[in-house]
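K.L.:
Going line by line, the protein sequences match chains U and H. Mapping of the first sequence onto our numbering: residues 47 to 254, in sequence order. Mapping of the second sequence onto our numbering: residues 47 to 254, in sequence order. Backbone N, C-alpha and C fix where the C-beta goes; we use that ideal spot for every residue, glycine too. Handing you this structure, nothing more for now.
Protein chains: 2
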Amino acid sequence: SDILKANDLLAQDIKEMLKKKQIVSWNIMGSPGSGKTSILERLIPMLPGDVKAAVIEGDLATSRDAERIAKTGVQSTQINTQGACHLDAAMVRTALEKIDLDDISILFIENVGNLICPAGFSLGETGRIIVSSITEGDDKPEKYPSMFKNAHVVLLNKIDLKSQTNFRIDNFTREMKKINPQADIMQISATNGSGFTELVNWVVGRLL
Amino acid sequence: SDILKANDLLAQDIKEMLKKKQIVSWNIMGSPGSGKTSILERLIPMLPGDVKAAVIEGDLATSRDAERIAKTGVQSTQINTQGACHLDAAMVRTALEKIDLDDISILFIENVGNLICPAGFSLGETGRIIVSSITEGDDKPEKYPSMFKNAHVVLLNKIDLKSQTNFRIDNFTREMKKINPQADIMQISATNGSGFTELVNWVVGRLL
Ligand SMILES: Nc1nc2c(ncn2[C@@H]2O[C@H](COP(=O)(O)OP(=O)(O)OP(=O)(O)O)[C@@H](O)[C@H]2O)c(=O)[nH]1
Ligand SMILES: Nc1nc2c(ncn2[C@@H]2O[C@H](COP(=O)(O)OP(=O)(O)OP(=O)(O)O)[C@@H](O)[C@H]2O)c(=O)[nH]1
Ligand SMILES: [Mg+2]
Ligand SMILES: [Mg+2]
Ligand SMILES: [Zn+2]
Ligand SMILES: [Zn+2]
Numbered sequence: 047s048d049i050l051k052a053n054d055l056l057a058q059d060i061k062e063m064l065k066k067k068q069i070v071s072w073n074i075m076g077s078p079g080s081g082k083t084s085i086l087e088r089l090i091p092m093l094p095g096d097v098k099a100a101v102i103e104g105d106l107a108t109s110r111d112a113e114r115i116a117k118t119g120v121q122s123t124q125i126n127t128q129g130a131c132h133l134d135a136a137m138v139r140t141a142l143e144k145i146d147l148d149d150i151s152i153l154f155i156e157n158v159g160n161l162i163c164p165a166g167f168s169l170g171e172t173g174r175i176i177v178s179s180i181t182e183g184d185d186k187p188e189k190y191p192s193m194f195k196n197a198h199v200v201l202l203n204k205i206d207l208k209s210q211t212n213f214r215i216d217n218f219t220r221e222m223k224k225i226n227p228q229a230d231i232m233q234i235s236a237t238n239g240s241g242f243t244e245l246v247n248w249v250v251g252r253l254l
Numbered sequence: 047s048d049i050l051k052a053n054d055l056l057a058q059d060i061k062e063m064l065k066k067k068q069i070v071s072w073n074i075m076g077s078p079g080s081g082k083t084s085i086l087e088r089l090i091p092m093l094p095g096d097v098k099a100a101v102i103e104g105d106l107a108t109s110r111d112a113e114r115i116a117k118t119g120v121q122s123t124q125i126n127t128q129g130a131c132h133l134d135a136a137m138v139r140t141a142l143e144k145i146d147l148d149d150i151s152i153l154f155i156e157n158v159g160n161l162i163c164p165a166g167f168s169l170g171e172t173g174r175i176i177v178s179s180i181t182e183g184d185d186k187p188e189k190y191p192s193m194f195k196n197a198h199v200v201l202l203n204k205i206d207l208k209s210q211t212n213f214r215i216d217n218f219t220r221e222m223k224k225i226n227p228q229a230d231i232m233q234i235s236a237t238n239g240s241g242f243t244e245l246v247n248w249v250v251g252r253l254l
């Protein structure tokens with residue numbers, strides 16, 4: 047449609063601009079409360095000292111997430127979508143004006159909590175990180191395929207709660223193999239740090 | 047917009063039709079994996095023997111949820127939205143043709159897992175049940191206000207996991223008081239049955 051086409055043209059501009067500045071960008075998506083902000087809160091302080099990050103936060107309302115991120119010391123700006131269920135390239139381009147991009151090597155964009163709509167809107171990102179918490183159940187890839195199809199990595203968060211759920215990792219990985227065999231899958235816990243050494247290596251290994 | 051207006055007209059038809067047949071209908075909404083289907087699986091067998099229910103299941107893909115519900119013995123039909131992020135009145139009217147509405151006193155409609163988009167589309171329901179799992183965090187009402195504003199009841203599910211989270215019930219109820227003081231709030235667990243006697247009474251007390 048025309049809306050999508052206009053979005054993709056703008057996304058392409060953003061992509062080329064970030065590439066010129068050698069900034070890698072990650073569009074972080076997942077259900078409400080899957081742990082996107084918690085993951086960033088733990089990940090950012092673990093980055094090597096010479097790797098500077100900035101964060102664009104997207105929510106319908108409140109600046110709670112941007113405020114949480116700001117406590118880690120990095121640049122953080124909040125987009126409020128006023129009811130829109132996904133970030134789009136126009137919103138991101140406006141937010142980028144509020145960030146000093148010199149010295150930045152990673153841009154994280156936390157999308158609105160939504161396992162469907164954000165999948166359709168490129169933000170000009172290098173790639174997509176999908177956060178799927180084990181408390182949501184292991185059938186999410188087949189029930190929400192468009193979200194998982196384009197993931198570079200799926201972070202299986204809240205792994206600390208696994209023993210209290212009926213989550214079967216082999217079920218999840220089998221479903222992912224069908225729709226997106228290239229995606230990495232990482233079991234992590236933002237609350238106890240499990241899996242974060244591997245996650246930091248994954249992120250740092252993909253710097254430009 | 048025109049789309050919303052057309053939807054609301056169709057929803058009104060559904061509403062009047064169900065009212066004539068003395069069928070109460072509940073639009074069940076919540077994030078992916080918040081426990082909507084699990085709640086129905088436990089609730090339906092607990093209904094009094096003379097209270098017949100039917101269920102319309104909405105998902106992007108798969109018939110997994112309708113199959114789970116069918117095991118309880120009630121009529122259950124699956125809508126696959128083919129990518130649409132919410133059910134609308136047109137989809138529900140088509141699904142209603144697959145259900146024998148005689149003898150039914152309750153229609154449950156499980157909406158697509160999404161804490162944003164379904165709020166904008168009336169299905170002709172009597173009212174809305176919002177499922178918010180405590181694992182998602184206690185800031186969801188303020189971050190996703192359109193969903194919580196129109197709830198008749200909020201089911202705080204997965205209360206069995208409360209001790210392993212930082213969920214503060216008073217935070218949640220205080221936020222709900224600001225945006226929707228009329229809504230009932232019930233703490234429940236679909237896995238261990240906690241709160242279900244009260245939930246059954248709430249549902250049965252609202253039969254037509
Ligand atoms: N047990 C456990 N809880 C977690 C973990 N990660 C996050 N949480 C909790 O999950 C809830 C939601 O975390 P957030 O980081 O706010 O989730 P989010 O995905 O950013 O939420 P939205 O931005 O609103 O979509 C909070 O109560 C966190 O403490 C984890 O690994 N284990
Ligand atoms: N610990 C715990 N887990 C629960 C509870 N209710 C549901 N679950 C688990 O949560 C996961 C998702 O449950 P579902 O009932 O499929 O959730 P849903 O909201 O219907 O999911 P979608 O239809 O995909 O949006 C499953 O692994 C359930 O076993 C509960 O009260 N406590
Ligand atoms: Mg967040
Ligand atoms: Mg379900
Ligand atoms: Zn949308
Ligand atoms: Zn939508």
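Nearest by alpha-carbon distance to serine 77 of chain H: which of U:Met232, U:Ser122, U:Gly95 and U:Cys131 is it?
P.N.:
Nearest option by C-alpha distance: U:Cys131.
K.L.:
Using beta carbons (cut-off 8 Å, strictly below), is leucine 133 of chain H in contact with chain U?
P.N.:
No, its Cβ sits nowhere closer than 8 Å to a Cβ of chain U.
K.L.:
Mind reading off the beta-carbon distance from alanine 141 of chain U to isoleucine 102 of chain U? Whole number of angstroms is fine, and I expect it under 8 Å.
P.N.:
That pair is a contact at about 5 Å.
K.L.:
Using 8 Å for Cβ pairs, my map puts phenylalanine 213 of chain H next to glycine 183 of chain H. What's the rounded Cβ distance?
P.N.:
With a Cβ gap of about 7 Å, phenylalanine 213 of chain H and glycine 183 of chain H count as contacting.
K.L.:
Once DSSP output is grouped into helix, strand and coil, what is the label at alanine 230 of chain H?
P.N.:
The sequence shown places aspartate at residue 230 of chain H, rather than the alanine named in the question. Aspartate 230 of chain H: strand per DSSP, three-state reduction.
K.L.:
Going straight from the alpha carbon of tryptophan 248 of chain U to that of glycine 173 of chain H, what length do you get?
P.N.:
Using only the alpha carbons, I get a separation of about 46 Å.
K.L.:
Less than 7 Å between C-beta atoms, sequence neighbours within five positions excluded: which residues of the same chain meet that for threonine 219 of chain H?
P.N.:
Around threonine 219 of chain H: Ile231.
K.L.:
Look at the Cβ atom of isoleucine 155 of chain U, then the Cβ atom of serine 71 of chain U, and state whether they are nearer than 8 Å.
P.N.:
Against a cut-off of 8 Å, the Cβ pair of serine 71 of chain U and isoleucine 155 of chain U comes out as a contact.
K.L.:
With distances taken between CB atoms, is the gap from alanine 116 of chain H to leucine 169 of chain H smaller than 8 Å?
P.N.:
No, the Cβ-Cβ distance between alanine 116 of chain H and leucine 169 of chain H is not below 8 Å.
K.L.:
Does the pairing of the segment 189 to 198 of chain H with the segment 142 to 150 of chain H give three or more beta-carbon distances under 8 Å?
P.N.:
Counting Cβ pairs under 8 Å, fewer than three are found: no touch.
K.L.:
Can you list the alpha helix (DSSP H) stretches of 4 or more residues lying completely in the segment 191 to 221 of chain U, in chain order?
P.N.:
Within the segment 191 to 221 of chain U, the complete alpha helix (DSSP H) runs of at least 4 residues are 191 to 195.
K.L.:
From which residue to which residue does the beta strand (DSSP E) around arginine 252 of chain U run?
P.N.:
It is not in any beta strand (DSSP E) - arginine 252 of chain U carries neither H nor E in the DSSP assignment.
K.L.:
Ligand 4 heavy atoms versus the CB of aspartate 184 of chain U: any closer than 7 Å?
P.N.:
Outside the cutoff, so no.
K.L.:
Below 8 Å between beta carbons is the criterion; list the residues of the segment 192 to 205 of chain H that meet it against any residue of chain U, in chain order.
P.N.:
Hits within the stretch, in order: Ser192 and Lys204.
K.L.:
Residue ranges of each alpha helix (DSSP H) run of no fewer than 4 residues wholly in the segment 104 to 162 of chain U, ordered along the chain?
P.N.:
Qualifying alpha helix (DSSP H) stretches, in chain order: 110 to 116 and 135 to 142.
K.L.:
What does the Cβ neighbour count give for lysine 66 of chain U, buried or exposed, with the cut at 16 atoms within 10 Å?
P.N.:
Exposed.
K.L.:
Confirm the yes/no value for this check: CB of histidine 198 of chain U, any heavy atom of ligand 6, distance under 7 Å.
P.N.:
For ligand 6, not one heavy atom lies less than 7 Å from the Cβ of histidine 198 of chain U.
K.L.:
Does any residue of chain H bring its CB to less than 8 Å from the CB of arginine 252 of chain U?
P.N.:
For arginine 252 of chain U, the answer is no, since every Cβ of chain H falls outside 8 Å of its Cβ.
K.L.:
Kindly give me the distance between the Cβ atoms of isoleucine 176 of chain U and phenylalanine 194 of chain U, rounded to whole angstroms, as I take these residues to be in contact under 8 Å.
P.N.:
Confirmed, about 6 Å.
K.L.:
Looking at the secondary structure, which residues open and close the alpha helix (DSSP H) in which glycine 60 of chain H lies?
P.N.:
Looking at the sequence provided, one finds isoleucine at residue 60 of chain H rather than glycine. Note, isoleucine 60 of chain H: alpha helix (DSSP H), 48 to 66.
K.L.:
Short of 6 Å in beta carbon distance, which residues of its chain neighbour alanine 165 of chain H, apart from the five on each side in sequence? Order them along the chain.
P.N.:
Only Ser192 and Met193 meet the Cβ criterion.
K.L.:
When burial is assigned at 16 or more other CB atoms within 10 Å of the CB, is isoleucine 49 of chain U buried or exposed?
P.N.:
Exposed: under 16 other Cβ atoms inside 10 Å.
K.L.:
Sort U:Glu221, U:Lys186 and U:Val158 by Cα distance to methionine 75 of chain U and report the nearest one.
P.N.:
Checking every option, the nearest Cα to that of methionine 75 of chain U belongs to U:Val158.
K.L.:
So glutamate 188 of chain U contacts chain H; which residues on that side make the cut at Cβ distance below 7 Å?
P.N.:
Those within 7 Å of glutamate 188 of chain U in chain H are Ala107 and Thr108.
K.L.:
Could you tell me if lysine 224 of chain H is buried or exposed, where buried requires 16 or more neighbouring beta carbons within 10 angstroms of its beta carbon?
P.N.:
Label assigned to lysine 224 of chain H: exposed.
K.L.:
What residues of chain U sit near threonine 181 of chain H, judged by a beta carbon separation below 8 Å?
P.N.:
Per Cβ cutoff of 8 Å: Gly79, Ser179, Thr181, Lys204 and Leu207.
K.L.:
Please tell me whether asparagine 160 of chain H has its Cβ less than 8 Å away from any Cβ of chain U.
P.N.:
Cβ-Cβ to chain U under 8 Å: yes for asparagine 160 of chain H.
K.L.:
At a Cβ threshold of 8 Å, is aspartate 149 of chain U touching chain H?
P.N.:
Chain H, which has no Cβ nearer than 8 Å to the Cβ of aspartate 149 of chain U, makes this no.
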